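The next block holds one structure in the form of structure tokens; read it before the comments.
Number of protein chains: 2
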Amino acid sequence: MAHDESPHDGWHCPAERTLEFLSGKWRPMVIYWLMDGPLRFNALQRRLGGVTHRTLSKTLKEMESDGLLSRRDYGEIPPRVDYSLTEKGRSLRPVLEAMAAWAEAGR
Amino acid sequence: MAHDESPHDGWHCPAERTLEFLSGKWRPMVIYWLMDGPLRFNALQRRLGGVTHRTLSKTLKEMESDGLLSRRDYGEIPPRVDYSLTEKGRSLRPVLEAMAAWAEAGR
DNA sequence: CAGCATCCGCGAGGATACTG
DNA sequence: CAGTATCCTCGCGGATGCTG
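In order, the protein sequences belong to chains G and F. Numbering follows my numbering, with no gaps: position 102 of the first sequence is 102. Convert by adding 1000 to the 1-based position in the second sequence; the result is the number in my numbering.
Next up, the structure:
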């Protein structure tokens, strides 16, 4: 982490990019709950306290297009869909653990 | 990281708390630039590409009251103030590094 | 059960100008 | 040089209701 002293315009620290994938009120928790395996929409919603259906729906779609999770539609009636972490999503584990450790230490 | 299957209401993952300290468009970069030592307001502003004076001012004040950094006023004319990381601020380093590593790996 | 459409409040962050 | 005050925009996330 070395840097000079001249003015910078477009520069940004690499951590920022990671933050983009983790910011969003529900994203960390979604990842957390999917760490153990796939969950259906409503199962996920029950685990997150108080997410709106619409909001969770949006969040999942965004995370899917970010490549963090994959959506599986069983094409059944009544509908059945589940969500699971992709490899990319799982690879965030160390990051979340570092954050958890910091939060833990901070008291 | 073990958890059951019953409905949860108030639960949240510990990483979220850490996120609160790091979210904010400029916070990660402020921490990054202060890692090497104190910087004066304008020096900091030059390093962050395109922050508004007002926005940086607000950001710094918030981070100060979060205990992440400390502000030192030299009481001179013209004004001279510099900002440096507190111990708490510096302790975020591993977290930022984990995030940086992930961003790095993600291509 | 899963998802979309519509409407809305609120706060983060930017533009600009002024002060000591 | 550092900080504050005012005004404004934009998008996140919530509330509610409808559909297959």
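C-beta: ideal position from N, C-alpha, C; glycine also. Computed from a predicted structure; not experimentally measured.
Are the C-beta of residue i and some C-beta of chain F separated by less than 8 Å?
i        : result
Leu44/G  : no
Leu69/G  : no
Tyr32/G  : yes
Leu92/G  : yes
Val95/G  : yes
Tyr104/G : Reading off the sequence shown, one finds Glu at residue 104/G, where the question assumed Tyr. It does: the Cβ of Glu104/G has a partner Cβ on chain F nearer than 8 Å.
His12/G  : yes
Met29/G  : yes
Met63/G  : no
Counting only beta-carbon separations shorter than 8 Å, does residue i have a partner in chain G?
i         : result
Glu1016/F : yes
His1008/F : Note that His1008/F scores a pLDDT of 49, beneath 50, so its modelled location is shaky; the value from the coordinates is reported in the next line. Yes - at least one Cβ of chain G is within 8 Å of the one on His1008/F.
Ser1023/F : yes
Pro1038/F : no
Leu1085/F : no
Leu1056/F : no
Trp1060/F : Per the sequence presented here, residue 1060/F reads as Leu, with Trp not at that position. False, the Cβ-Cβ gap to chain G never drops below 8 Å.
In whole angstroms, what separates the C-alpha of residue i from that of residue j?
i         : j         : result
Leu22/G   : Ala101/G  : 16 Å
Leu163/G  : Lys58/G   : The question about residue 163/G has no answer here: the residues shown for chain G are numbered 1 through 107.
Ala103/G  : Pro79/G   : 39 Å
His24/G   : Leu56/G   : Sequence check: residue 24/G is Gly here, not His. Cα to Cα, the separation comes out at about 11 Å.
Gly49/G   : Ser84/G   : 19 Å
Leu19/G   : Met1099/F : 7 Å
Leu1096/F : Leu96/G   : 11 Å
Lys61/G   : Ala43/G   : 16 Å
Ser1065/F : Met63/G   : 32 Å
Ser1091/F : Met1035/F : 10 Å
Arg1017/F : Glu16/G   : 17 Å
Under the rule that 16 or more other beta-carbon atoms within 10 Å means buried, what is residue i, buried or exposed?
i         : result
Glu87/G   : exposed
Pro28/G   : buried
Ile31/G   : buried
Gly67/G   : exposed
Gly89/G   : buried
Glu1076/F : exposed
So, for residue i: in the same chain, excluding its five sequence neighbours on each side, which residues have a beta-carbon less than 8 Å away from its beta-carbon?
i         : result
Gln45/G   : Val51, His53, Leu56
Val81/G   : Arg40, Phe41, Arg71, Arg72, Asp73, Tyr74
Cys1013/F : none
Pro38/G   : Arg72, Asp82, Tyr83, Ser84
Trp26/G   : Leu48, Val51, Thr55, Leu56, Thr59
Arg93/G   : Met35
By Cβ distance, which residues of its chain are closer than 6 Å to residue i, with the 5 residues on each side in sequence left out?
i        : result
Gly106/G : none
Within the same chain, show all residues whose beta-carbon is closer than 7 Å to that of residue i, passing over the 5 residues directly before and after it, in chain order.
i       : result
Arg47/G : Trp33
- Could I get the ranges of all uninterrupted alpha helix (DSSP H) runs contained in the segment 1011-1099 of chain F, with 4 residues as the minimum, in chain order? Uninterrupted alpha helix (DSSP H) stretches at least 4 residues long and entirely within the segment 1011-1099 of chain F occur at 1015-1022, 1027-1034, 1041-1047, 1053-1065, 1087-1090, given in chain order.
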